[in-house]
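Asker: Take this structure first; my questions come after.
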Amino acid sequence: MPGDDETRSDEVLNCLVFLAEHFGQTTSAPILRSGLAVDEAGCLPFHQVEPALELLGLKATPVARKLARLSDKHLPAMISLQDGNAAVVLEQNDDEFLIFRPSANGMQSISVSELAAEQDGEIISVAPDATKIRQHERPWDAARKSHWFWDEMRKESGAFKQVAGAALFINMLGFALPLFTMNVYDRVIPNKASASLWVLAVGVFLAFVLEFGMRLARARLIDETGRKLDTKLSQKLFEKIVNIPLGSRSGSTGAMVRRVSEYEIVRDFFASTTIVLIIDMLFLVIFVALIAVLAGWLALVPVVMILIMLVAGYVLQKKMGVAAFEAQADSSLQHSMLVESIAGIETLKACGAEGRMLSRWRNYAQMSADTQEKMRRLGAVAINLASLCQQITSISLIIGGFYLFNAGVISMGAIIAIVMLAGRSLSPVGQLAFLMTRGRQAFLTLDSIQTMTEQVDERGLGSRSITPEVSAGEIVFDNVSFAYPEADTESLSSLNVTFRPGERVAVIGRVASGKSTLGRLICGLYPPASGAILVDSLDSRQYPPRGLRSVFRYVGQDSELFSGSIKENLTLGAAKSDQDHMMAVLRKSGADKFLARDAVGFDRLAGERGASLSGGQRSFLVLARALMSPFKLLYLDEPTGAMDVETERQFIDHLKSALEPDQTLVISTHRQAILSIVDRIIVMDHGRIVADGPRDEILSRVGNGGKLS
728 MPGDDETRSD
738 EVLNCLVFLA
748 EHFGQTTSAP
758 ILRSGLAVDE
768 AGCLPFHQVE
778 PALELLGLKA
788 TPVARKLARL
798 SDKHLPAMIS
808 LQDGNAAVVL
818 EQNDDEFLIF
828 RPSANGMQSI
838 SVSELAAEQD
848 GEIISVAPDA
858 TKIRQHERPW
868 DAARKSHWFW
878 DEMRKESGAF
888 KQVAGAALFI
898 NMLGFALPLF
908 TMNVYDRVIP
918 NKASASLWVL
928 AVGVFLAFVL
938 EFGMRLARAR
948 LIDETGRKLD
958 TKLSQKLFEK
968 IVNIPLGSRS
978 GSTGAMVRRV
988 SEYEIVRDFF
998 ASTTIVLIID
1008 MLFLVIFVAL
1018 IAVLAGWLAL
1028 VPVVMILIML
1038 VAGYVLQKKM
1048 GVAAFEAQAD
1058 SSLQHSMLVE
1068 SIAGIETLKA
1078 CGAEGRMLSR
1088 WRNYAQMSAD
1098 TQEKMRRLGA
1108 VAINLASLCQ
1118 QITSISLIIG
1128 GFYLFNAGVI
1138 SMGAIIAIVM
1148 LAGRSLSPVG
1158 QLAFLMTRGR
1168 QAFLTLDSIQ
1178 TMTEQVDERG
1188 LGSRSITPEV
1198 SAGEIVFDNV
1208 SFAYPEADTE
1218 SLSSLNVTFR
1228 PGERVAVIGR
1238 VASGKSTLGR
1248 LICGLYPPAS
1258 GAILVDSLDS
1268 RQYPPRGLRS
1278 VFRYVGQDSE
1288 LFSGSIKENL
1298 TLGAAKSDQD
1308 HMMAVLRKSG
1318 ADKFLARDAV
1328 GFDRLAGERG
1338 ASLSGGQRSF
1348 LVLARALMSP
1358 FKLLYLDEPT
1368 GAMDVETERQ
1378 FIDHLKSALE
1388 PDQTLVISTH
1398 RQAILSIVDR
1408 IIVMDHGRIV
1418 ADGPRDEILS
1428 RVGNGGKLS
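Just so it is clear: in the sequence shown, position 3 is 730 by our numbering, and no numbers are missing.
Here's what the structure looks like:
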């Protein structure tokens, strides 16, 4: 509920939760926060309101910045206030607003002038999304699907209309030079009319200056629109990547990185050159029509050349499409290998495998170079063909113009004018051949990214009219089986086990017995393939995945630290990150010991994947990170595997005191010492439980000397 202790300072988030309840949508502050970009304090900034409302199934419409222009049709509306605060305007009565304000603990009436004095930014009108409301009433094939790219492009349609208007005006000014030239040769020079010459010259000079200004304005508008799209589209893509369920991911990491990096090709193609080209192509008809007015049948020359260029461009585009598809595959192979090699460079050096990998890279590079050469060759053919056609057109018009001049049909100035008009008309056709090849690549990239974005978004999983919350945290596996994507064998098979609140459990077994997989399913990282996982007697699929992971913490044996400071790593995903809380968590986990001896403390850089820290230090830090937020269950996968005996003893001592009595601890381990803090042991083998009972009883059954596997 808005106003709880955890989110009291996050005004924007509280307003969003209030709006969700106002429109009958289900959400909670922690779940909503975890799916959106937050600031360094863990609070939601106002620029995240639109994507947040979209997640809630509501429509966000920016309205006038002035409160005086706000009308009833815009309400309710969310307004940005000073100092990062926010409010929801619900009703307007004469000179007063009824608003919801988290800092005022609820509803209050405030005058328009008072609220205007506090306003600091835009106003966003909120309403139910009509498209989503009526989607279930349509035939299944008629429902409009959202699109990561076109939806954002539609929002910028106003800017694109201005770009189109500028392109239209620029093309109209393109008539100035041919008409000026024709009049000078036909009227000014024969009559030696110097006054007329200067009048025409000043006019055409002003046209050039105006055209220059319009081109600059158009370029700036395109750049600003591109910047907006960059911000929105890159966030959308990153959101989609991190919200794809782990079980739905396909393809290599490198291929996914390449897809995201290439979206700029799509944006640049559709956001700038295409609009300008469409306008230029429309004016092509006007330019040819003017040539027909001035020179009659000579207009057939540019028409024939245009047809030749279009046919040649279509043929080249078909060939370029095949090459672009091959280039995309080659790029994916190179990206995949590059990411794997950089991430595993230590292993490569240790194995002495640099030569083998270099040979493989050379093969991929050769494949890519051959494909790129083919594309450059086709591109060069298109460009040079366009240049050749323009030259043939100019010569043909001059020759034809000679005979029409002798026949007295056209003047010398008209010959020069039609040559200039023909050059202007053929210019976009030459670009068209080139853009058709780029367009093919852009559409391939667009389809590739769209395939990725159409995968299931886990933020929509578990959405119900009522969102349950985990209370006690009891977990029951009821005949659960699971296999990883593309795996031939099951990692868990017909598993039946219960974890009760407050238990201290160890899971032991040989390598690949299913211990890590058990932890991933407990914490909602993967759903079961068959059977059911019950959480407080409810099927786990009724809970949002983020809701499960917020109370069931999984710390894998390969848990990553990210580039950045120790503080940034500690506060990843934490709702509360003040200094006192961090120090308390560090003392609980034991991570304060090595930080206390470091000159820079919290500001120490962890390095990529925690490379600047030892294995033991990383283990202490990932434990501290797991303790930063409240939880019901903590699953530790081989937590002491990288520790010496003394460090392991310290870790165990801190772990004992770090947990509350009602918090469940599950440890997957091969180490004997850490079993001292558990009271129950589960033995796994080939994805099944072969023993489950009190610690001492299981250890005696496993064998003398504490042999675990």
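The beta-carbon is built from N, C-alpha and C at its ideal position, and this holds for glycine as well.
Helix, strand or coil for F827? Go by DSSP, reduced to three states.
Answerer: Taking the first residue of the sequence shown as 1, we reach residue 827 at position 100. Reduced to three states, the DSSP call for F827 is strand.
Asker: Per DSSP, K786 is paired with what?
Answerer: The residue labelled residue 786 in the question sits at position 59 within the sequence shown. BP columns for K786 point to A854.
Asker: Do three or more CB pairs link the stretch 1120-1128 to the stretch 999-1013 at distances below 8 Å?
Answerer: Touching, no, given that fewer than three Cβ pairs across the two stretches are closer than 8 Å.
Asker: DSSP three-state label for R1247, please.
Answerer: Here residue 1247 refers to the residue found at position 520 when the sequence shown is read from its first residue. Correct three-state label for R1247: helix.
Asker: If contacts are defined as beta-carbon pairs under 8 Å, then D1364 and G1283 qualify, I think. What distance do you get, rounded to the angstrom?
Answerer: Position 637 of the sequence shown, counted from the first residue, corresponds to residue 1364. Position 556 of the sequence shown, counted from the first residue, corresponds to residue 1283. Yes, D1364 and G1283 are in contact; Cβ-Cβ is about 5 Å, under 8 Å.
Asker: Could you tell me if V936 is buried or exposed, where buried requires 16 or more neighbouring beta carbons within 10 angstroms of its beta carbon?
Answerer: Taking the sequence shown and counting its residues from 1, the one referred to as residue 936 is at position 209. Its Cβ having fewer than 16 others within 10 Å, V936 is exposed.
Asker: Is the beta carbon of R1280 sitting closer than 8 Å to the one on F1209?
Answerer: Position 553 of the sequence shown, counted from the start, is the residue given in the question as residue 1280. Position 482 of the sequence shown, counted from the start, is the residue given in the question as residue 1209. No. Outside cutoff.
Asker: Starting from D1206, follow the beta strand (DSSP E) in both directions and report where the run begins and ends.
Answerer: The residue you call residue 1206 lines up with position 479 of the sequence shown. Per the sequence shown, residue 1206 should be read as Asn rather than Asp. First-last of the beta strand (DSSP E) with N1206: I1202 to F1209.
Asker: Let me check understanding here. Comparing Cα to Cα, which of A922, I949, A843 and N918 lies closest to G727?
Answerer: Because the chain here runs from 728 to 1436, residue 727 falls outside it and cannot be looked at.
Asker: Going by DSSP in three states, E1387 sits in which element: helix, strand or coil?
Answerer: Along the sequence shown, one-based indexing puts residue 1387 at 660. Reduced to three states, the DSSP call for E1387 is coil.
Asker: Do A1141 and L1021 come within 8 Å of each other at the CB atom, strictly closer than that value?
Answerer: Residue mapping note: residue 1021 aligns to position 294 of the sequence shown, counting from 1. Residue mapping note: residue 1141 aligns to position 414 of the sequence shown, counting from 1. Going by C-beta atoms, L1021 is nearer than 8 Å to A1141.
Asker: Quick one: what's S1257 bridged to in DSSP?
Answerer: Position 530 of the sequence shown holds residue 1257. The partner list for S1257 (beta bridge, DSSP) reads S1208.
Asker: Is D1078 buried or exposed, if buried means 16 or more other CB atoms sit within 10 Å of its CB?
Answerer: The residue you call residue 1078 lines up with position 351 of the sequence shown. The sequence as given places Cys at residue 1078; Asp does not occur at that position. By the 10 Å Cβ count, C1078 comes out exposed.
Asker: Ordered along the chain, which non-local residues of its own chain (more than five positions away) have a Cβ less than 6 Å from that of M941?
Answerer: As a position in the sequence shown, residue 941 is number 214, starting the count at 1. Within the same chain, M941 has close Cβ partners A893, F896 and I897.
Asker: Output yes or no for whether 8 Å exceeds the beta carbon distance between L1275 and C1250.
Answerer: Residue 1275 sits at position 548 when you count from the first residue of the sequence shown. Residue 1250 sits at position 523 when you count from the first residue of the sequence shown. Cβ distance < 8 Å, so L1275 and C1250 count as in contact.
Asker: Distance, Cα to Cα, A1096 vs L1112?
Answerer: Position 369 of the sequence shown, counted from the first residue, corresponds to residue 1096. Position 385 of the sequence shown, counted from the first residue, corresponds to residue 1112. Spanning the two alpha carbons is a distance of roughly 24 Å.
Asker: Does the stretch 1194-1203 come into contact with the stretch 1216-1235, if we say contact requires no fewer than three beta-carbon pairs (one atom in each stretch) closer than 8 Å?
Answerer: Output reads yes: the stretch 1216-1235 touches the stretch 1194-1203.
Asker: Quick check: K1242 and M1411, are their CB atoms within less than 8 Å of each other?
Answerer: The sequence position of residue 1242 within the sequence shown is 515, counting from 1. The sequence position of residue 1411 within the sequence shown is 684, counting from 1. In contact: K1242 and M1411 (Cβ atoms closer than 8 Å).
Asker: What does the Cβ neighbour count give for M1309, buried or exposed, with the cut at 16 atoms within 10 Å?
Answerer: For this step, residue 1309 is matched to residue 582 along the sequence shown. Its Cβ being crowded by 16 or more others within 10 Å, M1309 is buried.
Asker: Can you grab the Cα-Cα spacing for the pair D1423 / H1397, in whole Å?
Answerer: Position 696 of the sequence shown, counted from the start, is the residue given in the question as residue 1423. Position 670 of the sequence shown, counted from the start, is the residue given in the question as residue 1397. Distance between the alpha carbons of D1423 and H1397 is about 16 Å.
Asker: What number of angstroms, rounded off, separates the C-alpha of D1057 from the C-alpha of Q889?
Answerer: The sequence position of residue 1057 within the sequence shown is 330, counting from 1. The sequence position of residue 889 within the sequence shown is 162, counting from 1. Each residue's alpha carbon lies about 39 Å from the other.
Asker: Per DSSP, what kind of secondary structure is D737 in: helix, strand or coil?
Answerer: As a working mapping, residue 737 is identified with position 10 in the sequence shown. DSSP places D737 in coil when its eight states are reduced to three.
Asker: Would you call D1319 buried or exposed, if buried means 16 or more other Cβ atoms sit within 10 Å of its Cβ?
Answerer: Here residue 1319 refers to the residue found at position 592 of the sequence shown. So D1319 counts as buried.
Asker: Could you check if L933 is buried or exposed, using at least 16 other CB atoms within 10 Å of its CB as the buried criterion?
Answerer: Start at 1 with the first residue of the sequence shown, and residue 933 comes out as number 206. Result: exposed.
Asker: Taking 8 Å as the threshold (C-beta atoms), are V853 and L785 in contact?
Answerer: As a working note, residue 785 is residue 58 in the sequence shown. As a working note, residue 853 is residue 126 in the sequence shown. Yes; because the gap between Cβ atoms is below 8 Å, this pair is in contact.
Asker: Using only CA atoms, which one of V1012, P855, A1019 and Q1099 lies nearest to V1049?
Answerer: Position 322 of the sequence shown holds residue 1049. Here the closest residue by C-alpha is Q1099.
Asker: Mind reading off the beta-carbon distance from L1219 to V1207? Whole number of angstroms is fine, and I expect it under 8 Å.
Answerer: Here residue 1219 is taken as the residue at index 492 of the sequence shown, counted from 1. Here residue 1207 is taken as the residue at index 480 of the sequence shown, counted from 1. Yes, L1219 and V1207 are in contact; Cβ-Cβ is about 6 Å, under 8 Å.
Asker: Taking the continuous beta strand (DSSP E) assigned at G1236, which residues delimit it?
Answerer: Stepping through the sequence shown from its first residue, residue 1236 is reached at position 509. From DSSP, the beta strand (DSSP E) with G1236 extends over R1231 to G1236.
Asker: Using alpha carbons as the reference points, say which of N820, L783 and L771 lies closest to S838.
Answerer: Here residue 838 is taken as the residue at index 111 of the sequence shown, counted from 1. S838 has its Cα closest to that of N820, out of N820, L783 and L771.
Asker: Give the single residue among V776, N1090, S1198 and L794 whose Cα lies nearest to the Cα of A747.
Answerer: To locate residue 747, count along the sequence shown from 1; it is residue 20. Taking only the C-alpha atoms, the option nearest A747 is V776.
Asker: What would DSSP say about F1279, mapped onto helix, strand or coil?
Answerer: Sequence index remark: in the sequence shown, residue 1279 carries index 552 (1-based). Residue state, collapsed to three classes: strand.
Asker: Are the stretch 896-911 and the stretch 948-962 touching by the rule of at least three beta carbon pairs closer than 8 Å?
Answerer: In short, these stretches do not touch, since the Cβ pair count stays below three.
Asker: Could you tell me whether the stretch 1151-1159 touches the stretch 916-930, using the rule of 3 or more Cβ pairs below 8 Å?
Answerer: The stretch 1151-1159 is not in contact with the stretch 916-930.
Asker: Give the secondary structure of I1069 by DSSP, where H, G and I count as helix, E and B as strand, and everything else as coil.
Answerer: Locating residue 1069 in the sequence shown gives position 342, where the first residue counts as 1. The answer is helix: DSSP assigns I1069 an H, G or I state.
Asker: Among F887, P972 and S1267, whose alpha-carbon lies nearest the alpha-carbon of R945?
Answerer: Along the sequence shown, one-based indexing puts residue 945 at 218. Considering only alpha carbons, the answer is F887.
Asker: Would you be able to state if there are at least three C-beta pairs under 8 Å between the stretch 804-815 and the stretch 840-853?
Answerer: As far as the Cβ criterion goes, the stretch 840-853 touches the stretch 804-815, which means the pair count is three or higher.
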